[in-house]
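Enquirer: Sharing a structure here in structure tokens format.
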Amino acid sequence: MASLWKTVGIGIGALLVVGLVVGSMTWAILASRSPIIEAPVTEIKPLDWWEHAIIYQIYPRSFQDSDGDGIGDLKGITSRMEHFVETGVDAIWMSPIFESPMIDFGYDISNFYEIHHEYGTMADFEELVAKAHELGIKVLLDYVPNHASTESLYFKNSEARVPGYEDYFVWADPRPNPLNQSDRLVPSNWISQFGGSVWEWSEVRQQFYLHQFAVEQADFNFRHQAVKDEMINIMTFWIKEKGVDGFRVDAIPHLFEAKPDENGIYPDEPLSGNMFLNPDQPGYTTQIHVRDLIELYDVVYEWRDFVDRLKEEMGSNTKILLAEAYANITMTMLYYGNERDREGAHFPFNFDFITSLSASSNARDFAFMINRWLTYMPYGRIANWVFGNHDNNRMPSRFRENMVDGLNALNLMLPGVAVTYQGEEIGMRDGYVSWNDTVDVAACNQGNPDNYLQFSRDPARTPFHWDGTVSAGFSTNTSTWLPVAQDFREINLLSQKIAFRSHYKVYQDLTSLRRESRALSHGLYLIRALSEFTLVLVRHLPTFDTYALVFNVGSVNDTVDLSRVELFAEPLTVVTSSIHATRGRRDTISLDETVTLLPGEALVIRAPPT
Ligand SMILES: *[C@@H]1O[C@H](CO)[C@@H](O)[C@H](O)[C@H]1NC(C)=O
Ligand SMILES: *[C@@H]1O[C@H](CO)[C@@H](O)[C@H](O)[C@H]1NC(C)=O
Ligand SMILES: *[C@@H]1O[C@H](CO)[C@@H](O)[C@H](O)[C@H]1NC(C)=O
Ligand SMILES: *[C@@H]1O[C@H](CO)[C@@H](O)[C@H](O)[C@H]1NC(C)=O
Ligand SMILES: *[C@@H]1O[C@H](CO)[C@@H](O)[C@H](O)[C@H]1NC(C)=O
Ligand SMILES: [Ca+2]
Ligand SMILES: [Ca+2]
């Protein structure tokens, strides 16, 4: 190892907060007194396919309709496969495509081994995977282990107490009411994520079953070995028989719920005290019995052992597991593994840009949240960045439209994996969906014509804007399952490919840079607020070009002094910039001048090796 290392002197006066990116590389950065950096000269550790990947989330129902029924489908995705290559992403993750009554648009699976008929056939799926792999694109599926549709055979069998299936779900007798024997009280006060009790009465079985999401999504009983075995069977099928490259794992914090006591009584949740909510709304109680139970991590660690074993057995590329977990930082980081002897998910999604940052955040808030993830992440693991998904308002709608390029640049320049939700590459905003057109179960259950938008996930799910023609090129049908957003003539892929400057072209500039730059794949990071509103991200690898993002996240002009960034050396050259920026590609910036950034302006800068 030592022979690969050369001592490079570097003149850095001030103490730098510089993080370590690739944990397995033994780097020592001591930039305070002794200005010495140990740097590899020839060898750069090769990264596994996923460690610096860009993962693109497809919402299949809204990506491309191939047969004019107004609903996106697999053939549609296959027909658009070049888009991923042109855009420069490495993997696609499709929200669920399995057979489903579509109460929760595919997150209510009735057959985990079949393709949903509106989306196509198994042959269509095989064609999709073959085409993707031919083009070098990995394919990830959405795996939904917490629950199954009440239409599934698992549930029907369990409800009918068919031997072997009795304990597949969480069944409970009514809580006894000592004052009234014939009263049928729910077993506990737990509230579903979509509103109402988690307990639903089954006339067939004469017991309640538990559902943490919709009534039609019954929670599996993960304390039953047959369920755990079946989950492994499902993953084996899609990896081994169908060749997928991994899974995004849905709703993991909800895998386990508290057990009943010896008398069969379930514990109630404490009340949150929030007076603005009624007893049917999530948030009325504080959830301590229905999420983050420590038992669930063992299941995740077993799944990791399983995918690693399968990889060995198949002699294949790494099969990855990505955990969807909205949880506090401690419980989130545990998904990575226990830091002693168990590895977990390849990463839990980092939702900080969704849950903790917004249009009102300043540069210090950004720097703090980004560094928080990197600080809490176990040593040597891979970070990831998520700016939107099918469950949350779109990125430009949560932040400001003039921030689109800067946010995409952050996503693509921070260390680790970048996750892009369909439409972010062109800056798609939330679509308007009227109450009459609203189909999201969360909004229909909890909302009314006056307040549904606070619950609805439909605005983030409207069809992709390919061009300015009928239904934005998504479908030949003028009527689509959700309306196409009204701004599709203004914001669409084709017009952005033609335009001289566009969000899409900035995104492409960034993905090319990401492929070429060793500082971006292997470099150290420096993330600081240069002022209240201007954020600077520097990626630095000795002997290679340094790349930096300078981004005004505020809503007023901000003037900054780039000579204060210790790692910069002249000449500074602009590689790409946000579409309204005053500086563009190949412009140079002198360290003697101050730089005024417009609201949302982002500059991606190259500096020579130090
Ligand atoms: C167009 O879409 C609507 C639903 O949005 C559907 O009822 C109709 O059958 C579709 N037309 C065709 C030709 O499939
Ligand atoms: C007992 O409970 C049943 C079912 O909820 C209800 O119909 C009945 O009125 C109750 N009886 C009394 C005395 O409250
Ligand atoms: C995170 O959640 C866990 C489990 O609910 C709790 O025990 C812990 O105190 C929380 N930690 C933080 C930092 O909030
Ligand atoms: C919604 O539907 C109702 C009943 O069909 C109708 O009266 C109303 O005009 C519709 N509203 C909109 C905004 O389309
Ligand atoms: C912001 O800066 C731009 C470019 O320097 C200038 O044209 C504009 O007037 C400034 N706006 C304000 C409000 O100062
Ligand atoms: Ca279709
Ligand atoms: Ca559960």
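In case it helps, our numbering puts the sequence shown at residues 350 to 959.
Cβ atoms here follow ideal geometry from the backbone N, Cα and C, with glycine treated the same way.
Just so you know, these numbers come straight off a predicted model, no measurement behind them.
#1: Taking 7 Å as the cut-off, is the beta-carbon of arginine 533 closer than that to any non-hydrogen atom of ligand 2?
#2: Just the C-alpha distance for phenylalanine 504 and asparagine 460, rounded to the nearest angstrom, thanks.
#3: If you run the structure through DSSP and keep just helix, strand and coil, what is tyrosine 675?
#4: Determine, using beta carbons only, whether aspartate 422 and tyrosine 462 come nearer to each other than 8 Å.
#5: Give me, in chain order, the residues of the same chain whose beta-carbon lies closer than 7 Å to that of asparagine 733; leave out the 5 immediate sequence neighbours on both sides.
#6: Of all the options Ile407, Ile464, Tyr685, Ile588, which has the alpha carbon lying nearest to the alpha carbon of valine 649?
#7: Only counting runs of 4 or more residues, tell me where the alpha helix (DSSP H) segments fall wholly within the region 416-502, in order along the chain.
#8: Among Ser926, Arg743, Tyr615, Thr818, whose alpha-carbon lies nearest the alpha-carbon of aspartate 522?
#9: Give me, in chain order, the residues of the same chain whose beta-carbon lies closer than 8 Å to that of aspartate 740; leave out the 5 immediate sequence neighbours on both sides.
#10: What residues sit near ligand 1, counting only those whose C-beta is closer than 7 Å to one of its heavy atoms, in chain order?
#11: Assuming aspartate 491 and arginine 597 are in contact, meaning their beta carbons sit under 8 Å apart, how far apart are those beta carbons, in whole angstroms?
#12: Considering only C-alpha positions, which residue in the set Thr925, Leu946, His929 is nearest to aspartate 936?
#13: When you compare the CB positions of arginine 955 and aspartate 910, do they come within less than 8 Å of one another, or not?
#14: Check whether the Cβ of threonine 895 lies closer than 7 Å to any heavy atom of ligand 5, and answer yes or no.
#15: Using a C-beta cutoff of 8 Å, does glutamine 795 count as contacting chain D?
#16: Go through the region 878-916 residue by residue and report every complete run of the beta strand (DSSP E) that reaches 3 residues or more, in order.
#17: What does a CB cutoff of less than 7 Å around methionine 580 pick up in its chain, not counting 5 residues either side in sequence?
#18: Starting from the Cα of threonine 860, find the closest Cα among Ser783, Glu774, Ala792, Leu477 and give me that residue.
#19: For alanine 567, which of helix, strand or coil comes out of DSSP?
#20: Short check: CB of histidine 638 to CB of glutamate 606, under 8 Å?
#21: Once you ignore the five residues that flank methionine 374 on each side, which residues in its own chain have a CB closer than 7 Å to its CB?
#22: Considering only residues of the same chain and omitting the five flanking positions on each side of valine 511, which have a CB-CB separation below 6 Å?
#23: Which residues in the same chain as tyrosine 856 place their Cβ atom closer than 7 Å to its Cβ, once the five residues preceding and following it in sequence are excluded?
#24: Would you call the CB atoms of phenylalanine 837 and histidine 814 closer than 8 Å?
#25: Name the one or two DSSP bridge partners that serine 824 has.
#26: How close, in whole Å, do the beta carbons of methionine 680 and aspartate 641 come, if the pair is a contact with beta carbons under 8 Å?
#27: Spatial neighbours of phenylalanine 715 within its chain, please: CB distance less than 7 Å, with the 5 preceding and 5 following residues excluded, ordered by chain position.
#28: Here's the rule I'm using: 16 or more other beta-carbon atoms within 10 Å means buried, otherwise exposed. How should arginine 743 be labelled?
#29: Using 8 Å for Cβ pairs, my map puts proline 832 next to phenylalanine 823. What's the rounded Cβ distance?
#30: Hey, is asparagine 677 close to ligand 3, as in C-beta under 7 Å from one of its heavy atoms?
#31: Does ligand 7 have a heavy atom nearer than 7 Å to the CB of glutamine 561?
#32: Just to check, is the beta-carbon of aspartate 799 closer than 7 Å to a non-hydrogen atom of ligand 3?
#33: So asparagine 826 packs on aspartate 418, CB below 8 Å; how close in whole Å?
#34: Since phenylalanine 696 sits in a beta bridge, which residues does DSSP pair it with?
#35: Relative to ligand 5, is the shortest distance from any of its heavy atoms to the C-beta of asparagine 901 smaller than 7 Å?
#36: Hey, phenylalanine 318 and isoleucine 441: beta-carbon distance below 8 Å or not?
Expert: Walking through what the data contain:
#1: yes
#2: 11 Å
#3: Residue state, collapsed to three classes: coil.
#4: no
#5: Phe696, Phe698, Asn699, Gly765, Val766, Val768
#6: Tyr685
#7: 423-428, 430-436, 471-483
#8: It is Tyr615 whose Cα lies nearest to the Cα of aspartate 522.
#9: Arg806, Ala809
#10: Gly417, Asp418, Gly419, Asn826, Ser828, Thr829, Trp830
#11: 5 Å
#12: Thr925
#13: no
#14: no
#15: Of the protein chains in the structure, only one exists, and it is not chain D.
#16: 883-889, 895-901, 907-909
#17: Once the five neighbours on either side are set aside, the close Cβ partners of methionine 580 are Pro494.
#18: Residue Glu774 is the option with its Cα nearest to threonine 860.
#19: Correct three-state label for alanine 567: strand.
#20: yes
#21: At methionine 374, the pLDDT of 37 sits below 50, so the modelled position is not reliable; the number obtained from the coordinates is stated separately. These residues qualify, in order along the chain: Lys394.
#22: none
#23: Thr436, Asn757, Glu774
#24: yes
#25: Note: serine 824 sits in no beta bridge, so no partner.
#26: 5 Å
#27: Leu706, Leu884, Val902
#28: buried
#29: Actually they do not touch by this definition, with Cβ atoms about 11 Å apart.
#30: yes
#31: With a threshold of 7 Å, the Cβ atom of glutamine 561 counts as near ligand 7, since some heavy atom of the ligand is closer than that.
#32: no
#33: About 7 Å separates the two Cβ atoms, so the contact holds.
#34: Leu671
#35: no
#36: The chain is shown from 350 up to 959; residue 318 falls before or after that span and cannot be answered.
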